[in-house]
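What follows is a set of notes on a single structure, which appears directly below.
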Amino acid sequence: MTVAKIATAVVSCATALMLVHIIPDLLSVKTRELFLKNKAEELDREMGLIIKQEETGRHVRMLTHEIRSTLDRHTILKTTLVELGRTLDLEECALWMPSQRGLDLQLSHTLNSLIVGSTVSINLPIVKQVFNSAEAIRIPHPCPLARIRSLGRYVTPEVVAVRVPLLHLANFLINDWGDLPAKSYAVMVLILPMDGVRKWRDHELELVEVVADQVAVALSHAAILEESMHARDQLIDQNGALDFARQEAEMAIRARNDFLAVMNHEMRTPMHAIIALSSLLLETELTPEQRVMIETVLKSSNLLATLINDVLDLSRLEDGSLELDTGIFNLHAVFREVINLIKPIASVKKLSMNLFLGPDLPVYAVGDEKRLMQTILNIVGNAVKFTKEGSVLVVASVTRPESLRDRRPPEFHPVSSDGHFYLRVQVKDSGCGIIPQDIPLLFTKFTQSRSALSRNNGGAGLGLAICKRFVNLMKGHIWIESEGIDKGSTVIFIVELGICSNQNESTVQQVAPRVRTNQGSADLIRHKPLVKDDDEIATFAPRYQRSL
1 MTVAKIATAV VSCATALMLV HIIPDLLSVK TRELFLKNKA EELDREMGLI
51 IKQEETGRHV RMLTHEIRST LDRHTILKTT LVELGRTLDL EECALWMPSQ
101 RGLDLQLSHT LNSLIVGSTV SINLPIVKQV FNSAEAIRIP HPCPLARIRS
151 LGRYVTPEVV AVRVPLLHLA NFLINDWGDL PAKSYAVMVL ILPMDGVRKW
201 RDHELELVEV VADQVAVALS HAAILEESMH ARDQLIDQNG ALDFARQEAE
251 MAIRARNDFL AVMNHEMRTP MHAIIALSSL LLETELTPEQ RVMIETVLKS
301 SNLLATLIND VLDLSRLEDG SLELDTGIFN LHAVFREVIN LIKPIASVKK
351 LSMNLFLGPD LPVYAVGDEK RLMQTILNIV GNAVKFTKEG SVLVVASVTR
401 PESLRDRRPP EFHPVSSDGH FYLRVQVKDS GCGIIPQDIP LLFTKFTQSR
451 SALSRNNGGA GLGLAICKRF VNLMKGHIWI ESEGIDKGST VIFIVELGIC
501 SNQNESTVQQ VAPRVRTNQG SADLIRHKPL VKDDDEIATF APRYQRSL
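The sequence shown lines up with residues 1 to 548 when you count with our numbering.
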């Protein structure tokens, strides 16, 4: 027994000695096991977080795709609430939109509640707190923003709210959203299930913030689309109105052209025949009473023919069909011819007619002789018509572009050149004068000054309007100066004419000879060809003229 006990003691001692060396190793293994277990749990948590983040990213992408798949703002908002409710397993999700006045938030969309239309003031502290934070924040359930559904017997859930910037909606008047302030926000409220178990996690809050930003962008795109569609509808309406106006304008142009064609054939033809026959009758032996009657007929016919020609010229000017007939002509002869034509009328009124041609005025020029003469004749004729006594002075000279800078209008840009010069014509009379307020109106067709109307000197009101069009065609400018009633007036116009390089006898021979007479318009008509028409009276006049 003793030996057995001694042997057992020896074995125990040996075992104890061995355990002294083994226990540290066992402790080290246990420590490593605990470390690995903790590391595995940490890795599991990280993997779970990564998986959750990937899942969150996938949900964000899916939600973004769903939101951007439509550009209807109501569909965008409803889709957002449905997808967020499904992704985050929400009890309720709602959107508060600013009212038209911008002073309240109105409950516009909810996930499960049927009642919408509640309002809260934007001046509430909780609303201001949400507006001032760019992140999703937790709000108490009893606050007005979260009172969407009653709690009943359930535990108070966690609620978060996030602002949704309305980026560019302030620039668009979109139906029921009205004119929003320059910086507006909507508020999205999200409520977890009412069991009190779930809490909001950081990645879920990040998801809510990202979705809010995506909703803001989608709403901005929807606003731009709706505005473009509204602009397109307006453009369609305007195009329809323009088409209707164009059709009416075309009908009016056709009616005017038909009228002008009738006037040209049915009125000008017999009128020129009457003028020609009256001129020929004046050369026959007539009693004084018959001569007065024929002269009255001739004057009236000439006046009516002038009015008809003015209307036709104005119509051609307005539709742009009138072009200048440019050629070489005797510039001095044009002025002398105008004076010769007007002088008989001035003599009857005992007016003094004076013509002054500047020493630097070239004899020959290149331009539209007919339109230039018509312009000068019209202006000088007006001066004689509106002058009872006194004189009419016509001054023609060459002017420099530099001297016109103070008076020229913005649209008139005279430029010096070796190929042309600027003719300045000034017609000054001592007549009835013009009220300064009436001067801008005189170049409008069918408009006359009150001073002319008060003296029963009014005409059709077309002469100056046509003169202005002719002057514009000749790259010039026309204006009137007058100090008032009974102080006379001065009409000045400037036109661009080409310089004739050869001012010699060969050039004179190339210019067609003009008729110069001091016997009035009756002699001038005799030398002009009559109307080229098949009218019997018009064709009879030349035969009668040859028989005289």
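By construction, the Cβ of each residue, glycine as well, lies at the ideal position given by its N, Cα and C atoms. All values derive from a computational prediction rather than experimental measurement.
Check	Outcome
Backbone secondary structure at S278 - three-state DSSP	helix
Nearest to A222 (by Cα), restricted to the options V60, K39, L84, L71	L71
Sequence-distant residues of its chain with Cβ nearer than 6 Å to K428 (five each side left out)	L393, T490
Exposure label - C500; buried when at least 16 CB within 10 Å	buried
For G367 and T326, believed in contact at Cβ under 8 Å, the rounded distance	6 Å
Pair within 7 Å by beta-carbon distance, Q106 and T119	yes
Top-ranked residue by Cα proximity to N309, from V338, F356, R371	R371
Where the alpha helix (DSSP H) containing Q106 begins and where it ends	Not the alpha helix (DSSP H): Q106 falls in the beta strand (DSSP E), residues 104 to 110.
Cβ neighbour criterion (16 or more within 10 Å) applied to H272	buried
Opening and closing residue of the alpha helix (DSSP H) in which R256 lies	202 to 262
Between the CA atoms of S133 and A216 - distance to the nearest angstrom	15 Å
Where M188 sits in the DSSP three-state scheme	strand
Where G520 sits in the DSSP three-state scheme	In this prediction, G520 has a pLDDT of 37, which is less than 50 and means its spatial position is unreliable; nothing more can be read from the coordinates.
For H477, the residue or residues it bridges with in DSSP	I494
C-beta atoms of V384 and A346 nearer than 7 Å	yes
Whole-Å CB distance - L84 paired with V211, under 8 Å assumed	6 Å
Classification of R232 by the beta-carbon crowding that lies within 10 angstroms, buried from 16 upward	exposed
C-beta contact flag for S301 and I274 at 7 Å	yes
Whole-angstrom distance between N257 and M251, CA atom to CA atom	10 Å
CB contact flag (L464, L324, <7 Å)	no
Beta-carbon spacing of D486, G419 below 7 Å	no
Pairwise C-alpha distance: F493 and M353	19 Å
Bridge partner(s) assigned by DSSP for M97	Q106
Within 7 Å, strictly: CB atoms of L95 and H109	yes
Helix, strand or coil at F356 according to DSSP, with G and I counted as helix	strand
Segment limits, beta strand (DSSP E) that includes G431	Segment: none, G431 is in no beta strand (DSSP E) and carries neither H nor E.
Selection from A4, P288, G484, T87 that minimises the alpha carbon distance to L63	T87
Per-residue burial, L17 [other beta carbons within 10 Å of its own, 16 or more giving buried]	exposed
One or two residues paired with G367 in a DSSP bridge	G327
Identity of the residues DSSP links to S113 by a beta bridge	S113 is not bridged to any residue.
R45 burial status per 10 Å Cβ neighbour count (16 or more: buried)	exposed
Residue interval of the alpha helix (DSSP H) (run including P125)	125 to 131
7 Å Cβ shell around R484 - same chain, five flanking residues per side excluded	Sequence check: residue 484 is Gly here, not Arg. So the qualifying residues of the chain are G433, I435, P436.
Closest Cα partner of K468 within the set A396, Y422, G431, I379	I379
Which of helix, strand or coil DSSP assigns to A146	coil
Beta bridge counterpart(s) of E92 as assigned by DSSP	I191
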